[in-house]
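The structure appears below as structure tokens.
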Amino acid sequence: MIDILSHIVEFRNGESGQHVQHIKMLTGFLLDRLMQKTDKYDLKWSDQYMITIASALHDIGKVGIDEKILNKPGRLTNEEFEEMKKHTLIGASMLKSLGVYQDEELVKVAYQICRWHHERYDGKGYPDGLKGEEIPIAAQVVSVADVYDALTSERVYKKAFSHEKAMEMILAGECGTFNPLLLECLQDIQGNIQVEMKRAAEQPMLVQNSYVGKMIETVQ
Numbered sequence: 000m001i002d003i004l005s006h007i008v009e010f011r012n013g014e015s016g017q018h019v020q021h022i023k024m025l026t027g028f029l030l031d032r033l034m035q036k037t038d039k040y041d042l043k044w045s046d047q048y049m050i051t052i053a054s055a056l057h058d059i060g061k062v063g064i065d066e067k068i069l070n071k072p073g074r075l076t077n078e079e080f081e082e083m084k085k086h087t088l089i090g091a092s093m094l095k096s097l098g099v100y101q102d103e104e105l106v107k108v109a110y111q112i113c114r115w116h117h118e119r120y121d122g123k124g125y126p127d128g129l130k131g132e133e134i135p136i137a138a139q140v141v142s143v144a145d146v147y148d149a150l151t152s153e154r155v156y157k158k159a160f161s162h163e164k165a166m167e168m169i170l171a172g173e174c175g176t177f178n179p180l181l182l183e184c185l186q187d188i189q190g191n192i193q194v195e196m197k198r199a200a201e202q203p204m205l206v207q208n209s210y211v212g213k214m215i216e217t218v219q
């Protein structure tokens, strides 16, 4: 059901259909490496699985944004960008309105991701201007994954950047400031990223099912 909802958003957004798959894969890789490097966030394998699954809903709030803005081939005006930014609050509101289900751990994590995946480590993100570790780690990880995939994927308003160029832009702070530890993780896993992205393009469902299956085995 989560994948169905997220793919509906992709369809409205004119994306390739692989964005959600890429986000889940990148989120899983980043979390795996983060857990190897530090116990600072007290993450367990069950947390990795939960965050990875919930990451598919990061842009669900875009169902409330005008398609003319979502699919505009040129640069957004300031007014249009302010409207686009509302998708974070719309998605969070949708999840908060689930009644009894809002107490489910998956929904709580998805709420954090929806609302705060555009926050930045220096406090210059949106919608709430959270700074540093005020940003839940789930949202921090998905923000890095989202930016990398946005840069390396073709959109109606841009061509795809190469892996090398995307890494250069992210590390130089051209896409905002991220947790330095997560940037280290991104650099550590970049070889895996390139291999798995290529596999995903060739056999999308096989790669997705294989990766999620491995995580389920680990949790069990």
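Sequence positions in the sequence shown follow numbering that gives the first Met the number 0 and run 0 to 219.
Each residue gets a CB set at the ideal place from its N, CA and C atoms; glycine is no exception.
As the structure is a prediction and not an experimental result, all values here were calculated from the model.
Under 8 Å by Cβ, that's how I've got residue 119 and residue 176 pegged, so tell me the actual separation to the nearest angstrom. 5 Å
Assess contact between the region 140-158 and the region 67-75, defined as three or more Cβ pairs (one per stretch) separated by less than 8 Å. Is contact present? yes
Please classify residue 148: does DSSP put it in a helix, a strand, or coil? helix
Taking only runs of the alpha helix (DSSP H) that begin and end inside the region 170-201, which ones reach a length of at least 4 residues, in chain order? 179-187 and 189-201
Could you compute how far the alpha carbon of residue 168 sits from the alpha carbon of residue 174? 7 Å
Determine contact between the region 84-92 and the region 29-49, defined as no fewer than three beta-carbon pairs at a distance below 8 Å. no
Per DSSP, which residues does residue 250 bridge with? Please list them. Missing from the structure shown is residue 250; the chain here goes from 0 to 219 and no further.
Measure the alpha-carbon distance for residue 85 versus residue 126 and round it to whole angstroms. 8 Å
By the DSSP assignment, the alpha helix (DSSP H) with residue 46 in it spans what residues? 44-53
Range covered by the alpha helix (DSSP H) that runs through residue 19: 18-36
Nearest to residue 53 (by Cα), restricted to the options 80, 111 and 83: 111
For the candidate residues 59, 32 and 166, whose alpha-carbon lies nearest to that of residue 47? If we check each option's Cα against that of residue 47, 32 comes out closest.
To the nearest angstrom, report how far apart residue 221 and residue 172 are at their CA atoms. Residue 221 is absent from the structure shown; the chain starts at 0 and stops at 219.
List the endpoints of the continuous alpha helix (DSSP H) containing residue 122. Premise fails: residue 122 is in no alpha helix (DSSP H) and is neither H nor E.
Reducing DSSP to helix, strand and coil, say where residue 107 ends up. helix
Pull up the distance between the alpha-carbon of residue 23 and that of residue 55, whole angstroms please. Taking the CA atoms as reference points, residue 23 sits about 6 Å from residue 55.
Which word fits residue 18, buried or exposed, when buried means at least 16 other C-beta atoms lie within 10 angstroms of its C-beta? buried
Please classify residue 77: does DSSP put it in a helix, a strand, or coil? helix
Delimiting residues of the alpha helix (DSSP H) encompassing residue 66: 66-69
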